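Let me begin by presenting the structure, written as structure tokens, before commenting on it.
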Amino acid sequence: MQNEFDKYRLNVSRRRFLAGASMGLGSVALGSLLVPGLFNGNKDSELALPVGLPQFAPKAKRVIYLFQNGAPSQLESFDYKPLLNKMAGQDLPASIRMGQRLTGMTSSQDKFPLVGSHFKFNQYGKSGAWISELFPNIGGISDEICIVKTIHTDAINHDPALTFFQTGAQQGNRPSMGAWLSYGLGSENKNLPSFCVLLSKGKGNGQGVYSKLWTNGFLDSSHQGVVFSSGEDPVLYLNNPEGQDQLSRRGMLDQLSKLNEVSFKNFGDPEIHNKIQQYEMAYRMQTAVPELTDLSKEPEHIIRMYGTDALVPGTYAANCLLARKLSEAGVRFVQLYHQGWDQHGNLVGEMPMQAMDVDRASAALIKDLKQRGLLDETLVIWGGEFGRTNYCQGKISKDNYGRDHHPRCYSIWMAGGGVKPGIVYGETDEFGYNITKDPVSVHDFHATMLHLMGLNHEQLTYKHLGRRYRLTDVEGKLVEGIMA
Amino acid sequence: MKFSTLMLRYFLLSLNALLVFLSIFSNRLKLPYSLVFAGKLHPLMLHLPIGILLIVILIYAVRNKFSTPPGELIRFLFYLGAFTAVITALFGLFLSQEGGYDEQLLFNHQWSGVAISTISAILALSYEPGKHVKILSMIMVLLVPVIVAGSHFGASLTHGEGYLVIEIPENKTKKIVTDSTAIFEAVIEPILESKCYSCHNEKKAKGQLIMTSMQSLLEGGKHGKIWVAGDPLNSHILQRAAMDEGNKKHMPPKGKPQLTELEIKLLNDWIKMGADTKKSFAELPKSDSFRIFAASFIPKQQDAQVQYNFTSASPSLIARLESPYLSIQPLYQGSPALRVDFLIREGFSPSILKELNKLAVQVVELNLSSMPVKDEDIVAISKFTNLRYLNLNSSMVTGKGFELLKHCAHLEVISLSGTKVDPGSLILLTSMKQLKKIYCWNSATSMADVNDLKKKYPDIDWEYGYIADTSEHLKLTSPLLRNDEQKVLGKNDAIEFRHPMPGVSIRYTIDGREPDSASSPVYDKAFYISEATRVKAIAVRNGWITSPVADLSFFARGRKPDYSRLLEIPDKPYSANSVELLTDEKKGETSDLKSGWLGYRMGHFDAKFYFKEEVSLHQVVISTAKNIGSFVMPPQKIEVWAGKDSMNNKLIKTIYPVQPKEYEPDRIEAYKVVIDGAYKSVRVVIYPVRSLPKWHGGKGEKAWIFLDEIFFN
Numbered sequence: 001m002q003n004e005f006d007k008y009r010l011n012v013s014r015r016r017f018l019a020g021a022s023m024g025l026g027s028v029a030l031g032s033l034l035v036p037g038l039f040n041g042n043k044d045s046e047l048a049l050p051v052g053l054p055q056f057a058p059k060a061k062r063v064i065y066l067f068q069n070g071a072p073s074q075l076e077s078f079d080y081k082p083l084l085n086k087m088a089g090q091d092l093p094a095s096i097r098m099g100q101r102l103t104g105m106t107s108s109q110d111k112f113p114l115v116g117s118h119f120k121f122n123q124y125g126k127s128g129a130w131i132s133e134l135f136p137n138i139g140g141i142s143d144e145i146c147i148v149k150t151i152h153t154d155a156i157n158h159d160p161a162l163t164f165f166q167t168g169a170q171q172g173n174r175p176s177m178g179a180w181l182s183y184g185l186g187s188e189n190k191n192l193p194s195f196c197v198l199l200s201k202g203k204g205n206g207q208g209v210y211s212k213l214w215t216n217g218f219l220d221s222s223h224q225g226v227v228f229s230s231g232e233d234p235v236l237y238l239n240n241p242e243g244q245d246q247l248s249r250r251g252m253l254d255q256l257s258k259l260n261e262v263s264f265k266n267f268g269d270p271e272i273h274n275k276i277q278q279y280e281m282a283y284r285m286q287t288a289v290p291e292l293t294d295l296s297k298e299p300e301h302i303i304r305m306y307g308t309d310a311l312v313p314g315t316y317a318a319n320c321l322l323a324r325k326l327s328e329a330g331v332r333f334v335q336l337y338h339q340g341w342d343q344h345g346n347l348v349g350e351m352p353m354q355a356m357d358v359d360r361a362s363a364a365l366i367k368d369l370k371q372r373g374l375l376d377e378t379l380v381i382w383g384g385e386f387g388r389t390n391y392c393q394g395k396i397s398k399d400n401y402g403r404d405h406h407p408r409c410y411s412i413w414m415a416g417g418g419v420k421p422g423i424v425y426g427e428t429d430e431f432g433y434n435i436t437k438d439p440v441s442v443h444d445f446h447a448t449m450l451h452l453m454g455l456n457h458e459q460l461t462y463k464h465l466g467r468r469y470r471l472t473d474v475e476g477k478l479v480e481g482i483m484a
Numbered sequence: 001m002k003f004s005t006l007m008l009r010y011f012l013l014s015l016n017a018l019l020v021f022l023s024i025f026s027n028r029l030k031l032p033y034s035l036v037f038a039g040k041l042h043p044l045m046l047h048l049p050i051g052i053l054l055i056v057i058l059i060y061a062v063r064n065k066f067s068t069p070p071g072e073l074i075r076f077l078f079y080l081g082a083f084t085a086v087i088t089a090l091f092g093l094f095l096s097q098e099g100g101y102d103e104q105l106l107f108n109h110q111w112s113g114v115a116i117s118t119i120s121a122i123l124a125l126s127y128e129p130g131k132h133v134k135i136l137s138m139i140m141v142l143l144v145p146v147i148v149a150g151s152h153f154g155a156s157l158t159h160g161e162g163y164l165v166i167e168i169p170e171n172k173t174k175k176i177v178t179d180s181t182a183i184f185e186a187v188i189e190p191i192l193e194s195k196c197y198s199c200h201n202e203k204k205a206k207g208q209l210i211m212t213s214m215q216s217l218l219e220g221g222k223h224g225k226i227w228v229a230g231d232p233l234n235s236h237i238l239q240r241a242a243m244d245e246g247n248k249k250h251m252p253p254k255g256k257p258q259l260t261e262l263e264i265k266l267l268n269d270w271i272k273m274g275a276d277t278k279k280s281f282a283e284l285p286k287s288d289s290f291r292i293f294a295a296s297f298i299p300k301q302q303d304a305q306v307q308y309n310f311t312s313a314s315p316s317l318i319a320r321l322e323s324p325y326l327s328i329q330p331l332y333q334g335s336p337a338l339r340v341d342f343l344i345r346e347g348f349s350p351s352i353l354k355e356l357n358k359l360a361v362q363v364v365e366l367n368l369s370s371m372p373v374k375d376e377d378i379v380a381i382s383k384f385t386n387l388r389y390l391n392l393n394s395s396m397v398t399g400k401g402f403e404l405l406k407h408c409a410h411l412e413v414i415s416l417s418g419t420k421v422d423p424g425s426l427i428l429l430t431s432m433k434q435l436k437k438i439y440c441w442n443s444a445t446s447m448a449d450v451n452d453l454k455k456k457y458p459d460i461d462w463e464y465g466y467i468a469d470t471s472e473h474l475k476l477t478s479p480l481l482r483n484d485e486q487k488v489l490g491k492n493d494a495i496e497f498r499h500p501m502p503g504v505s506i507r508y509t510i511d512g513r514e515p516d517s518a519s520s521p522v523y524d525k526a527f528y529i530s531e532a533t534r535v536k537a538i539a540v541r542n543g544w545i546t547s548p549v550a551d552l553s554f555f556a557r558g559r560k561p562d563y564s565r566l567l568e569i570p571d572k573p574y575s576a577n578s579v580e581l582l583t584d585e586k587k588g589e590t591s592d593l594k595s596g597w598l599g600y601r602m603g604h605f606d607a608k609f610y611f612k613e614e615v616s617l618h619q620v621v622i623s624t625a626k627n628i629g630s631f632v633m634p635p636q637k638i639e640v641w642a643g644k645d646s647m648n649n650k651l652i653k654t655i656y657p658v659q660p661k662e663y664e665p666d667r668i669e670a671y672k673v674v675i676d677g678a679y680k681s682v683r684v685v686i687y688p689v690r691s692l693p694k695w696h697g698g699k700g701e702k703a704w705i706f707l708d709e710i711f712f713n
């Protein structure tokens, strides 16, 4: 039995050691010393093991993901389909629908009346991209962004779609995007977590988010997304308790680390090392976090750029500002979730409110990164988990309508780090229902994202239950057309 | 014969039999991993049989020239040659399992190898020293060309077919394609190179056409020029490409890699445009469809894979310099180039920069943003001679000493946002010819200065950033409470407002009226309430739009009953933790009715509250939720009964809350029922609205009531 234990420990420890090589254990900066040939310019053959570095020169060093939870309608945002306005009220032709499955909410409908966008579209920038009047600020930065109109997914409801988008599979046992990047690249700044999650809620119909979406899955728990709370104290209990100062805390942590090491020697549980790492991370965060999350010192022009919401913790604008600061400080993957986009009904009432929450701040984030010289190395992505139908769900009236879920095509946009700016990629049919050119599946998207970060999506794997898993599962092709 | 010799002979025979067998069934073979490694020794082993067999045949040929007949040596060498041959062939078989080899070549090579092995085995087994058998001599002679042929096939497998004749070009550097590159050179020539040059070059000029030099390409071949400028239909090259594949004249010939449809279209369009071999991309407008189409053929620019030609730093040096305040990482695995990030302001000191100079050659990216870097530190920075990216955002440099940066001869991007650099210092940077981008947002350089610089130095990308429009009127956010959670206040709990934006004043009301920026009282310090109060507050600032109203309900802590009993069970699933929650002083949220609330729809609310001692009560305050969209309406009727003992309760007061006449925003409503008196038990009965009003979407349906707290003040 002891033999089994030893074998297990050796197996797991070696890989994790190599994986965690660039993150220190307490005060020892092990880093390069343990990975042979890390600095000597030779390509090692064991490149399938992540060593905390990109495999080839990356275009982007960090990602900020502005996830719009609930699925914003592409037909009222980035996919202009005037035909739907012309044909409003008419039934969706079967030749277009081609047997697409319906959700339980609309399957009982006998009619599927097409409905066009209530909001006008305008053309912006050199690319002449059509963007709805609900997003004028994003329109204003259209020359910096690449709009992809042909993302498609398999799932039709929120939970499987969210899980699919975040983890690469509809079953919820796999690591999320941020966890994979944390596993593959680690954090630039050892004093901050490599994966942070910021949540905000809009007033629209919302779907919840849950920790499955930023989980570490079967990877080490040190790769889990750290959710910053939306109250005054973004990281709870970060400060020392009353009566303890930094020096005594350090002493306590050193002793605790020794005790945990003894425990590790006895049990070989790799989680013990994780725990030590987390304590150390928390200790270092005490210095790093307060200066980042203090919004009170922001100058007025920053507030004007992001909007007054930026000072109120827990709003999308405040999260965008915080995201910029975290990313600037070296956090590898910052993910925002803005809930409330699930407009099954009352789209005309709710969508403008949702759009107002995000429009100014998202554009401000891009501008802010650009003026600090960071946009070239930061990849920013904006989008949801699927699109919405071109037909109305529920009662259609002149002034209001709702849209159901639509997985076959939807729009997202990307900016920065290696993405071709000022283009619109992909084409959908006039009904806004099917893709006619350049489809991009979720796996293709993941593969491209990993490629821009300097990782080969086929080689970033982790062996679990006998098979080597990867974020893109067994698929994923690079989308050359959006890479600069 | 000795037993050992017999065994040896049988062993050689069986190895060859194994070899033949495996070769015949090689496609059904599944090798264990360890033998694949053995396969990698094939290129090592093969030298032995070739050398030994050729030498032994040579020795045999001149055997009579020796003073002592070398018969035994010859036999020994035959055996040695045969054994190494069969082992080499077996290893080759293992290697072939790896895949990726041209089928035909592999077949040839494999069976040549088998032939060499079997022939040498026959020779080894049949040769007897001193005897000269004619057949054996003939076999020996036959073996030589087989060895040569087999080796040649093997070499072709490794070096490519025709490796003996094709010249390997000296410089295989990838062409860098820019706008000024000729379109022909960038996209047409590569196509011709890959599909045509192999037969139409100086050494092999099919159809007397040589395409490898511009002059001969334009001259043409047996049939004259291969294209007519502007006329693709009459261009010979396209005519040949368009021919049926079965036609002998079709080009490229059958069996060779064919032109793809897109390549043909490209040639077509290019010829149509005039077949100008010198025209560059820049001469076409950016939106020109041909330019866009042609651009898609440009091979992926591997510009990111810049070749750094310095050696990497020693890992121990890097380990010594690294710290939690400083991160040193290679750009990617195996790259000698390093990126340095300074992380914590408190951890920075100029001496660390000087220490870093030990890595002066390898640092390619340096991030000093937000660090207290001063002009004096530029000296240390200028020592990083291979620096390409320098980030000095929000540092303390002003630009003095920028001329030292010219030592960083490769600097391409410098970011100075948030610093006090002025135009004069920026001009110092312009003498660096390789500098491509300068970021100077929020610096001491104004927009007018930057526009000026843009005109004077158009080769540099000046990024000024975005300027906020100070004339824009933005809406303020509502005032926030200092203690957000607490809505139930005791005598010593104050209501404190705050606003995150400086310069904002807060106006509020406690009488239910809408606050306004002129007449409502100004909030300057925390205040207290004595009973349930609805507080409304707004934030005001000159030049900014007044914020939306913050509408908050506060409750005064009252007497807590000693015992409560629910007489009517709430509708599932809104039963929460039963009656205790009504007196736990924890307020619920209107957005989450599932926790902390009791909900009634089909029935009505009825509960009794007991006090051990008689208490003097003024009023009962009931906190309810209002969410009209979800059918949660104010109660139809509230009855409060009370008595001096638990058995006898008299109806003290009934109130009929005001019903809304239209949709109103969600909020918590408090209903006060005055019951002045001294009591030991109180009973509260609340009836929900039985039929929603006409204006409501669910008119006629039953409404809900939700309550979370009852206070006894």
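Respectively, the protein sequence lines represent chains V and L.
Counting from 1, one number per residue, gives the positions in the first sequence under this note's numbering.
Counting from 1, one number per residue, gives the positions in the second sequence under this note's numbering.
All C-beta atoms, glycine included, are put in the ideal place defined by N, C-alpha and C.
Please read all numbers here as calculations on a predicted model, not as lab measurements.
V/Y462: member of the beta strand (DSSP E) spanning 461–464, first to last residue.
Counting only Cβ-Cβ distances below 8 Å, V/R304 has contacts in chain L at A468, D469, T470, E472, L474, in chain order. Classified as buried, L/Q333 has 16 or more neighbouring CB atoms from the shown chains inside 10 Å of its CB. Counting only the Cα atoms, L/A182 lies some 10 Å from L/E189. DSSP places V/C320 in the uninterrupted alpha helix (DSSP H) bounded by 316–328. Of the candidates L/I24, L/A380, L/K455, L/S681, the residue whose Cα lies closest to the Cα of L/W111 is L/I24.
Note that the region 454–464 of chain V does not touch the region 28–48 of chain L; fewer than 3 beta-carbon pairs, one per stretch, sit closer than 8 Å. Between the alpha carbons of L/I668 and L/Y610 lies a distance of about 26 Å. The alpha helix (DSSP H) runs lying completely inside the region 244–302 of chain L and spanning 4 residues or more are 261–272, 289–295, given in chain order. Look at the beta carbons and you see the region 598–606 of chain L not touching the region 548–565 of chain L: under three pairs across the two are nearer than 8 Å. Contact of L/S395 with chain V by beta-carbon distance below 8 Å is absent, the smallest such distance being about 12 Å. For L/R9, no Cβ of chain V is located within less than 9 Å of the residue's own Cβ.
For L/Y332, the residues of chain V that pass the 8 Å Cβ criterion are L53, P54, Q55, F56, A57, P58, G454, in the order they occur in the chain. DSSP, reduced to helix, strand and coil, places L/E128 outside both helices and strands of the structure shown, so it counts as coil. Proximity of L/T477 to chain V, defined by a Cβ-Cβ separation below 9 Å, is satisfied. In this structure, the alpha-carbon of L/K433 lies about 16 Å from that of L/K455.
Taking the beta carbon of V/K190 as reference, the chain L residues within 7 Å of it are P324, S327, listed in sequence order.
Assigned with DSSP and collapsed to three states, L/M432 falls in coil, not helix or strand. The C-beta distance from L/V673 to L/I686 rounds to 10 Å, too long to meet the 8 Å contact threshold.
The beta-carbon separation of L/P129 and L/G71, rounded to 3 Å, stays under the 8 Å limit for a contact. Taking the CA atoms as reference points, V/M252 sits about 51 Å from V/V440. Counting only residues of its own chain and dropping the five nearest sequence neighbours on each side, L/L566 has a CB closer than 7 Å to the CB of S578, V579, A607. By the Cβ-count criterion, L/M140 is buried, with 16 or more other Cβ atoms from all chains shown falling within 10 Å of its own Cβ. For L/V148, the number of other beta carbons within 10 angstroms of its own is below 16, and it is reported as exposed.
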